[in-house]
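Numbering (my numbering), first residue to last: 14 to 186. From the three backbone atoms N, C-alpha and C, an ideal C-beta is built for every residue, glycine too. The next block holds one structure in the form of structure tokens; read it before the comments.
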């Protein structure tokens, strides 16, 4: 896909996730890369390898973008300030220096932080290797939190969030 971000993830009336805007994926498939061989996509969600060249991207690149989407959903914002320059955002991504999401929201459970960290590691070899692998962790977290909420009889922010967001992971295969 090469441009996974919240604006490209929709829920239909049945809560089925739909991923939209396959323009970058089609461009790469049709032409190999962009005609200028420069990185494209939405900066805040782009993995390091995509900032260097589209030639280096694969499904793990989309999983990074899903991790950044989780980051924004769970922490309430991306790890960059609105006044950060594009260059400073690119450097933070390229150097793998993203602040932990629990620094923005200390109430985020450690398991969610670990999932986001694994998805957004600098080296693709250190990330989730497949959407199925990522989905397995998300579903395990969902079950744990649903059970905890039933036991505590709470309504909470984590009700179905992980499963909804993770459903997009299945669309990157």
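Cβ-based burial, residue 54 [other Cβ within 10 Å; buried from 16]: Buried.
Among 23, 60 and 69, nearest to residue 76 - alpha-carbon criterion: 60
Residue 160, buried or exposed, once every other Cβ within 10 Å from all chains shown has been counted against 16: exposed
In chain order, each alpha helix (DSSP H) run of at least 4 residues that lies wholly inside the segment 72 to 104: 72 to 88
Range of the contiguous alpha helix (DSSP H) that encloses residue 17: Neither: residue 17 is in no alpha helix (DSSP H) and is coded neither H nor E.
Distance CB(residue 83)-CB(residue 121) smaller than 7 Å: no
Reduced DSSP category for residue 31 - H, G, I as helix; E, B as strand; rest coil: strand
Buried or exposed (CB count within 10 angstroms, at least 16 for buried), residue 8: In the structure as shown, the chain begins at 14 and stops at 186. Residue 8 is therefore absent and cannot be evaluated.
Distance between residue 63 and residue 57 (C-alpha atoms, nearest Å): 12 Å
Cβ distance (whole Å) where residue 78 is taken to contact residue 17 below 8 Å: 4 Å
Counterpart residues of residue 24 in DSSP-defined beta bridges: DSSP lists 30 as partners of residue 24.
Nearest-angstrom beta carbon gap, residue 126 and residue 115 [assumed within contact, 8 Å]: 5 Å
Alpha helix (DSSP H) segment containing residue 130, residue limits: 123 to 132
Enclosing alpha helix (DSSP H) for residue 139 [first to last residue]: Residue 139 -> no alpha helix (DSSP H), and no H or E assigned at all.
Residues near residue 140 in its chain [Cβ-Cβ closer than 8 Å; skip 5 each side]: 73, 76, 77, 80, 131, 132, 133 and 134
Residue 71 versus 151, 124 and 138, residue with shortest Cα-Cα distance: 138
Cβ-based neighbour list, residue 103, same chain, cut-off 8 Å, excluding 5 preceding and 5 following: For residue 103, where only same-chain residues beyond five positions count, the Cβ hits under 8 Å are 56 and 64.
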